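Trainee: I have a structure here, written as structure tokens, and I will follow up with some questions on it.
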Amino acid sequence: MSSSSIHWSSAELAAAVTEIAYATGDVLDREPFDARPPGPSALSDLWDLVSTEALRAAGGGDPAPGRLTDLIGLLGRIREAEAMCAQLRLADRTRALSGVRSALARVGTARSVDALLARAPEAACGLGFDRALVSTVDGTWRLHTMCVVRDQRWAEEIVAVGRENPPVLDRGLVENDPVVDARPVLVSEVQDNPRVNRPLAQITRSSSYGIAPLLVDGDVVGLVHGDCYHQRRALGEVDRMVLSAFADGLSQHLARVAVLEGLSAVRAQIDGLTGRPVTAPAVVGSIAASRDDDSVLTRREAQIVRLMAAGDSNGKIARRLTISEGTVKTHITRILRKLGAANRAEAVSIWLRGSAPTGSAARV
Numbered sequence: 001m002s003s004s005s006i007h008w009s010s011a012e013l014a015a016a017v018t019e020i021a022y023a024t025g026d027v028l029d030r031e032p033f034d035a036r037p038p039g040p041s042a043l044s045d046l047w048d049l050v051s052t053e054a055l056r057a058a059g060g061g062d063p064a065p066g067r068l069t070d071l072i073g074l075l076g077r078i079r080e081a082e083a084m085c086a087q088l089r090l091a092d093r094t095r096a097l098s099g100v101r102s103a104l105a106r107v108g109t110a111r112s113v114d115a116l117l118a119r120a121p122e123a124a125c126g127l128g129f130d131r132a133l134v135s136t137v138d139g140t141w142r143l144h145t146m147c148v149v150r151d152q153r154w155a156e157e158i159v160a161v162g163r164e165n166p167p168v169l170d171r172g173l174v175e176n177d178p179v180v181d182a183r184p185v186l187v188s189e190v191q192d193n194p195r196v197n198r199p200l201a202q203i204t205r206s207s208s209y210g211i212a213p214l215l216v217d218g219d220v221v222g223l224v225h226g227d228c229y230h231q232r233r234a235l236g237e238v239d240r241m242v243l244s245a246f247a248d249g250l251s252q253h254l255a256r257v258a259v260l261e262g263l264s265a266v267r268a269q270i271d272g273l274t275g276r277p278v279t280a281p282a283v284v285g286s287i288a289a290s291r292d293d294d295s296v297l298t299r300r301e302a303q304i305v306r307l308m309a310a311g312d313s314n315g316k317i318a319r320r321l322t323i324s325e326g327t328v329k330t331h332i333t334r335i336l337r338k339l340g341a342a343n344r345a346e347a348v349s350i351w352l353r354g355s356a357p358t359g360s361a362a363r364v
């Protein structure tokens, strides 16, 4: 078959690799080469075996007539099968990625962060995963919603186990890797992996799964898990790529919805204080405007609380002000203490009301 006419199916490729393996056994006068599974790895092993024998025959080490010609013919068939294998992988990726857009469209109409995260697992299962989980991270791994194809009750039980004692994110937990590196990972041999949370490993009975991070303004704020439990197969590179593409799109939706929620909250706060509705541009303007009455806060703290009011994450504030994220957290701790606030939202509310205690002028 010429390379220009290669249009095999996966089954035809498997049959072709098996035929090449038997032909190799005939030419080398040995037991048929074990080409299971009949994929890139088997073809690579066949190439190494046949090319070694071909070099030996070319060097005069094999007196059998026609042997070199047979070996060269086998090498050609192996290369043709490798080309088809690459084509099939590309087709799989294209087909899988085409579904990501549709999956994201199904969740894109959500109007709140909670609704968005609740819809995402079912959409992910529509991409070929048997189970999908969405969670948030804040130093702790917090399970939000899960979908299990044909068994939603099991999904609820898994989430309940995860919520009972939320795992702390540290180097002892494999979920820490995509949070720290902001990259998708594949986890294998789950039941024997010491870095997998034991209660979740036991109730899921998983053997392999993928994790992709959800990022907003450069910060990892959540995770998407997926596996192929019912299909009884380990996840591969295409699965990792699809999960990552879905997480990337979900991250964009998450950022948009979070901004809308933030603006709605600020608008509601200001409406309540002024007694009249405030348009979105006015809200943004009030957040961005410089204030001269930040009497208790230093100039840097005033900058940070303005960015907090605008909805910026710690990472984004750090990048804007060219300081470390740790320094931002230190400033926020001081801001909360000075304003007598329990959390960021309350600090922003106090600052917006201008109700901070009066004191000396803002300090450098």
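UniProt numbering numbers the first residue of the sequence shown as 1 and each following residue consecutively. Even glycine gets a Cβ: it sits at the ideal position worked out from N, Cα and C. Computed from a prediction, not measured in an experiment: that's the story for all the values here.
#1: Along the chain, where does the alpha helix (DSSP H) that runs through L49 open and close?
#2: Look at the Cβ atom of L68, then the Cβ atom of V50, and state whether they are nearer than 8 Å.
#3: So L104 packs on G249, CB below 8 Å; how close in whole Å?
#4: Are I350 and I332 closer than 8 Å when you measure CB to CB?
#5: Going by CA-CA distance only, name the one from V27, G315, D192 and L336 that's closest to E301.
#6: Which runs of the alpha helix (DSSP H) spanning at least 4 residues fall entirely within the region 116 to 183, listed in chain order?
#7: Quick check: the region 83 to 97 against the region 7 to 16, are there 3 or more CB pairs under 8 Å?
#8: Just the C-alpha distance for A54 and A16, rounded to the nearest angstrom, thanks.
#9: Can you confirm whether A132, when its beta carbon is compared against all beta carbons of chain C, has any partner nearer than 8 Å?
#10: In this structure, how does DSSP classify L186 when only helix, strand and coil are distinguished?
#11: Classify G222: buried if its beta carbon has 16 or more other beta carbons within 10 angstroms, exposed otherwise.
#12: Quick check on this structure: which residue in L97, I203, D181 and V238 has the alpha carbon closest to the alpha carbon of V161?
#13: Contact between the region 227 to 247 and the region 204 to 212 is defined here as three or more beta-carbon pairs at a separation below 8 Å; is this criterion met?
#14: Going by C-alpha distance, which of T18, R183, A182 and R198 is nearest E189?
#15: What is the DSSP secondary structure of P213, counted as helix, strand or coil?
#16: Quick check on DSSP: helix, strand or coil for G76?
#17: Taking all protein chains shown into account, do 16 or more other C-beta atoms lie within 10 angstroms of the C-beta of T24, making it buried, or fewer, making it exposed?
#18: For a quick check, are the C-beta atoms of A132 and V196 less than 8 Å apart?
#19: Quick one: is S41 buried, meaning 16 or more other Cβ sit within 10 Å of its Cβ, or exposed?
#20: Please state whether DSSP places L297 in a helix, a strand or coil.
#21: Would R77 be called buried (16 or more neighbouring beta carbons within 10 Å of its own) or exposed?
#22: Ends of the beta strand (DSSP E) at L223?
#23: DSSP state of S208, grouped into three classes?
Mentor: Judging by the given coordinates:
#1: P40 to A58
#2: No, these two residues do not count as a Cβ contact at 8 Å.
#3: 4 Å
#4: The answer is no: Cβ separation not under 8 Å.
#5: L336
#6: 152 to 164 and 176 to 181
#7: The region 83 to 97, when compared against the region 7 to 16, does touch it at the 8 Å Cβ threshold.
#8: 21 Å
#9: Judged by its chain identifiers, the structure shown contains no chain C, having just a single protein chain.
#10: strand
#11: buried
#12: The residue with the shortest Cα to Cα distance from V161 is I203.
#13: yes
#14: Of the residues T18, R183, A182 and R198, the one whose Cα lies closest to the Cα of E189 is R198.
#15: strand
#16: DSSP, reduced to helix, strand and coil, places G76 within a helical segment of the structure shown.
#17: By the C-beta density criterion, T24 is buried, having at least 16 other C-beta atoms within 10 angstroms.
#18: With contacts defined as CB atoms closer than 8 Å, A132 and V196 fail to qualify as a contacting pair.
#19: Residue environment analysis places S41 among the exposed positions, since fewer than 16 neighbouring C-beta atoms fall within 10 angstroms of its C-beta.
#20: It is coil, neither helix nor strand.
#21: buried
#22: D219 to D227
#23: strand
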